[in-house]
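>
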Amino acid sequence: MTSKIKTSLLTASFIASVGIFAGCGSDSSSSVPPVDSIITTKNVADGYVVDLNGTAATAVCGTTTYSSSLTVGTQGSIEFTDATLDENCTITVDSNAFIDTDLSSTFNTGDKQIGFALKAPGDAQYVSQLTTLVVDKKVKADALPEGDAKVAALAEAADLKTAVKSFNPVTAATTVAASTSTDAQKNTAQKLMVLAEVLKTAMKSATSSDVADINVTTFTNDSNLTDLNVTETLPLSITTNTTVNAAIEAKAATIKEVATILDKIDTTKIDVDKLVVAMSDGDANLTTALSSSVQTGTTFTADTNLSTIVKSDVNTSTLTELVNTVTTINTAVTTANIAVAATPAKLTLGSALKMGSKTITLTNGTFTTTASKDDNLTNFFAIELPSATVNKGLSEQNLTFTTSITNKADSGDVVTLTINGVKLVNVDSIISVTIPTGTSINIDETVNNDESNFDGETGSALTYTGLKFDISSIIGTLGTNAVNEGIAHMNDRLSASAGKVYDVNITLDTSSGLTTDYKTITGTVTVTE
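For the sequence shown, my numbering gives the first residue as 17, with consecutive numbering after it.
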């Protein structure tokens, strides 16, 4: 557990009490000592979580529930205030949180939602799919009747917890590639990388009870990575589901192959952590992942350049073997049967989404298409979002697309997109726009004129009426969309402000028509510190 001390002010009632008792003969200039609060920091790493999407993580300790900060720090760090978390607590991160699929440390349109809730015991430093399995196994073991089976199940959960509670799945690749790591450290990291990949796919498609039956013995003992048979570790409830099983085996086999070659790569030229994240979360093939993971000053454009990014002691024979391995991995990534359930991305209504050779314009509703193998749906249906097609000001949405794939090599891929967006309104109506809970914004004091003098610094519920914005420049070209663009124009003035969360309800008054330069918006701003 990582904790730090943060100084906070005493409550007004306590200060008043001190003043009463200090009245006789005391030095009235004496200051009241500050109260220390404990900040407990945890790291969320499936890939690192980069955006909680408005839903705080929770830590349940008996009958008490703590909520985390909504702000996410480096390496997926979140903070719990005044919460000392121990093994009897359970941390949960919502399935809608977004993971950093390219290790850019910032949210972008390629980032995906986790797709399942991440959990961890309170004394774990990292909240990951691995600690999620620990919690699920412990819950299932606790429900067993007293006896040998329960003892064995609890022991298995405890062994897994010991192995993973401080394990960072994002930096495991560095451990494998590092020359200073022992063979045992490398072997453990390699196997946990594969287990993490198994869980990432299984937990999106199966119940917690099913996943809890995964046999983790070979992942936590001293057996070698080469002896690991993923299929044998899966419970019958998963292996009988051929679609899920195929997806698990395909991704796990790919990461297993990658794990075997990491110690051949020169980490001064390739960021191996970024490489694995690109394949695991970004669904890139190995060549693409290598190209996107080069360190400054390094160029890698094709498999023929492998000699430029491997360690100096890699001989010709090993290099040839490495080239063949890369080709094998890329082929597996291209042809594997992958069923991706609920893979979302934050996009904008009105933007163009390209899936293979097909381009659609995003609107409310459901869109289904069948794409042939010639449509080049690369990187497991990675999203291409041409920035030039994004309509300015339309509210950012969560787009969820699901793919149902039979056999990519010789038949079509059915792609279904479900988009829930903001409905366009008539120019004559009075509309209300709610910025989603958890959106961090700051009301700019210089937004327009004297009537915009709102500082947003104090109070738990503030009402501000009369903020104005200029829409004269857009009335002529947008017609009935001017109301929406007017709201968007004001939202453009709201910039990120760490540490504050505002729920904003805004009403645009169009009763006087759209012929004047200014329109009045009345807003209620709830400020949560």
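Cβ atoms here follow ideal geometry from the backbone N, Cα and C, with glycine treated the same way. No experiment lies behind these values; they were computed from the predicted model shown.
Straight-line CA distance for residue 144 to residue 218?
Taking the first residue of the sequence shown as 1, we reach residue 144 at position 128. Taking the first residue of the sequence shown as 1, we reach residue 218 at position 202. One C-alpha to the other measures close to 14 angstroms.
> Jot down the residue ranges of each uninterrupted alpha helix (DSSP H) in the segment 163-202, minimum 4 residues, whole runs only, in chain order.
Whole alpha helix (DSSP H) segments, 4+ residues: 164-180 and 188-193.
> If we ignore side chains and look at the alpha-carbon of each, how far apart do residue 473 and residue 54 end up?
Numbered from its first residue, the sequence shown carries residue 473 at position 457. Numbered from its first residue, the sequence shown carries residue 54 at position 38. Summary for residue 473: the model assigns pLDDT 33, below 50, so the residue's position carries little reliability; its value from the coordinates is reported in the next sentence. For residue 473 and residue 54, the distance between alpha carbons rounds to 24 angstroms.
> Any beta-carbon of chain B closer than 8 angstroms to the one on residue 211?
Among the chains of the structure shown, chain B does not appear; only one protein chain is present.
> Is the beta carbon of residue 272 sitting closer than 8 angstroms to the one on residue 244?
In the sequence shown, counting from the first residue as 1, residue 272 sits at position 256. In the sequence shown, counting from the first residue as 1, residue 244 sits at position 228. Contact: yes.
> Take residue 234 and list the residues in its own chain whose beta-carbon comes closer than 7 angstroms to its own, dropping the five residues that flank it on each side.
For the purposes of this step, residue 234 is taken as residue 218 along the sequence shown, with counting starting at 1. Around residue 234: 244 and 249.
> For the beta strand (DSSP E) that contains residue 327, what are its first and last residues?
Counting from one through the sequence shown, the residue named residue 327 turns up at place 311. Looking at the DSSP string, residue 327 is not in any beta strand (DSSP E), and its letter there is neither H nor E.
> For a quick check, are the C-beta atoms of residue 114 and residue 69 less than 8 angstroms apart?
Taking the sequence shown and counting its residues from 1, one reaches residue 114 at position 98. Taking the sequence shown and counting its residues from 1, one reaches residue 69 at position 53. Going by C-beta atoms, residue 114 is nearer than 8 angstroms to residue 69.
> Go through its chain and collect everything with a Cβ distance to residue 335's Cβ below 7 angstroms, but skip five positions before and after it.
By one-based count along the sequence shown, residue 335 stands at place 319. Only 322, 323 and 326 meet the Cβ criterion.
> When the Cα atoms are used, what is the spatial distance from residue 264 to residue 154?
As a position in the sequence shown, residue 264 is number 248, starting the count at 1. As a position in the sequence shown, residue 154 is number 138, starting the count at 1. Each residue's alpha carbon lies about 23 angstroms from the other.
> If you compare alpha carbons, which of 301, 310 and 291 is closest to residue 63?
On the sequence shown, position 47 is the one that residue 63 refers to. Cα-wise, what sits closest to residue 63 is 291.
> Identify the continuous beta strand (DSSP E) that holds residue 96 and give its terminal residues.
The residue you call residue 96 lines up with position 80 of the sequence shown. 93-97 is the span of the beta strand (DSSP E), which, as asked, contains residue 96.
> Which term fits residue 106, buried or exposed, when burial requires 16 or more other beta carbons within 10 angstroms of its beta carbon?
For the purposes of this step, residue 106 is taken as the residue at position 90 of the sequence shown. Label assigned to residue 106: buried.
> Exposed or buried, what is residue 167 when buried is set at 16 or more other beta-carbons lying within 10 Å of its beta-carbon?
The residue you call residue 167 lines up with position 151 of the sequence shown. Under this definition residue 167 is an exposed residue.
> For residue 87 and residue 313, I'd like the C-alpha separation in whole angstroms.
Locating residue 87 in the sequence shown gives position 71, counting from the first residue. Locating residue 313 in the sequence shown gives position 297, counting from the first residue. Each residue's Cα considered, the two are about 33 angstroms apart.
> Should the segment 158-175 be regarded as contacting the segment 115-124, the criterion being three or more beta carbon pairs within less than 8 angstroms?
No: fewer than three Cβ pairs fall under 8 angstroms.
> Expressed to the nearest angstrom, what Euclidean distance is found between the alpha-carbon atoms of residue 127 and residue 67?
The count along the sequence shown starts at 1 and reaches residue 127 at position 111. The count along the sequence shown starts at 1 and reaches residue 67 at position 51. When rounded, the distance between both Cα atoms is 9 angstroms.
> Identify, in the order they occur along the chain, each residue of the same chain with its Cβ nearer than 8 angstroms to the Cβ of residue 191, setting aside the five sequence neighbours on each side.
Counted from its first residue, the sequence shown places residue 191 at position 175. Hits under 8 angstroms: 197, 201, 202 and 205.
> Judging by CA-CA distance, which residue of 286, 296 and 297 is the nearest neighbour of residue 306?
Taking the first residue of the sequence shown as 1, we reach residue 306 at position 290. Of the candidates 286, 296 and 297, the one whose C-alpha sits nearest the C-alpha of residue 306 is 286.
> Do you know offhand how far residue 57's Cα is from residue 174's?
Here residue 57 corresponds to residue number 41 of the sequence shown, with the count starting at 1. Here residue 174 corresponds to residue number 158 of the sequence shown, with the count starting at 1. The straight-line gap from Cα to Cα measures roughly 23 angstroms.
> Using a Cβ-Cβ cutoff of less than 8 angstroms, which residues in the same chain neighbour residue 172 once the five nearest sequence positions on both sides are dropped?
Position 156 of the sequence shown, counting from 1, holds the residue named residue 172. Answer for residue 172: 153, 157, 232 and 233, listed in chain order.
> Near residue 98, what residues of its chain come up, given a Cβ to Cβ distance below 7 angstroms and the 5 sequence neighbours on each side ignored?
Here residue 98 refers to the residue found at position 82 when the sequence shown is read from its first residue. Cβ within range, chain order: 53 and 54.
> Verify whether the separation of the beta carbon atoms of residue 293 and residue 186 is less than 8 angstroms.
Within the sequence shown, numbered from 1, the residue matching residue 293 stands at position 277. Within the sequence shown, numbered from 1, the residue matching residue 186 stands at position 170. Yes, they are a contact pair.
> What are the uninterrupted segments assigned as beta strand (DSSP E) that are 3 or more residues long and contained completely in the segment 133-165, given in chain order?
Those beta strand (DSSP E) runs which fall completely within the segment 133-165 and span 3+ residues are 134-137.
> Give the single residue among 134, 77, 91 and 236 whose Cα lies nearest to the Cα of residue 71.
For the purposes of this step, residue 71 is taken as the residue at position 55 of the sequence shown. Minimum Cα distance to residue 71 is reached at 134.
> Go ahead and pull the three-state DSSP assignment for residue 243.
Numbered from its first residue, the sequence shown carries residue 243 at position 227. Residue 243 falls in the helix class under three-state DSSP.
> Cα separation between residue 91 and residue 284?
Locating residue 91 in the sequence shown gives position 75, where the first residue counts as 1. Locating residue 284 in the sequence shown gives position 268, where the first residue counts as 1. Distance between the alpha carbons of residue 91 and residue 284: 21 angstroms.
> Would residue 140 and residue 207 be called neighbours here (beta carbons separated by less than 8 angstroms)?
Along the sequence shown, read from residue 1 onward, the residue named residue 140 stands at position 124. Along the sequence shown, read from residue 1 onward, the residue named residue 207 stands at position 191. No, they are not a contact pair.
> Considering residue 293, what are the terminal residues of the alpha helix (DSSP H) in which it resides?
Taking the sequence shown and counting its residues from 1, one reaches residue 293 at position 277. First-last of the alpha helix (DSSP H) with residue 293: 288-296.
> Identify the continuous beta strand (DSSP E) that holds residue 233 and give its terminal residues.
Counted from its first residue, the sequence shown places residue 233 at position 217. Not the beta strand (DSSP E): residue 233 falls in the alpha helix (DSSP H), residues 233-236.
> Just verifying my parser: in three-state terms, what is the DSSP assignment at residue 304?
Stepping through the sequence shown from its first residue, residue 304 is reached at position 288. Helix.
> Judging by CA-CA distance, which residue of 195, 251 and 61 is the nearest neighbour of residue 328?
As a position in the sequence shown, residue 328 is number 312, starting the count at 1. The candidate whose alpha carbon is nearest that of residue 328 is 195.
> Which residue from 282, 78 and 146 puts its Cα closest to that of residue 227?
Counting from one through the sequence shown, the residue named residue 227 turns up at place 211. Comparing Cα-Cα distances from residue 227 to each of 282, 78 and 146, the minimum goes to 146.
> Quick check on the DSSP output: the beta strand (DSSP E) that includes residue 81 runs from which residue to which?
Numbered from its first residue, the sequence shown carries residue 81 at position 65. Counting along the chain, the beta strand (DSSP E) containing residue 81 begins and ends at 80-83.
> Is it true that the CB of residue 102 sits closer than 8 angstroms to the CB of residue 189?
Residue numbering aside, residue 189 sits at position 173 when the sequence shown is read from its first letter. Residue numbering aside, residue 102 sits at position 86 when the sequence shown is read from its first letter. No. Outside cutoff.
> Take the Cβ of residue 78 as the centre, count every other Cβ of all protein chains shown within 10 Å, and call the residue buried at 16 or more, exposed below.
Numbered from its first residue, the sequence shown carries residue 78 at position 62. Classification of residue 78: exposed, given that the 10 Å Cβ count is below 16.
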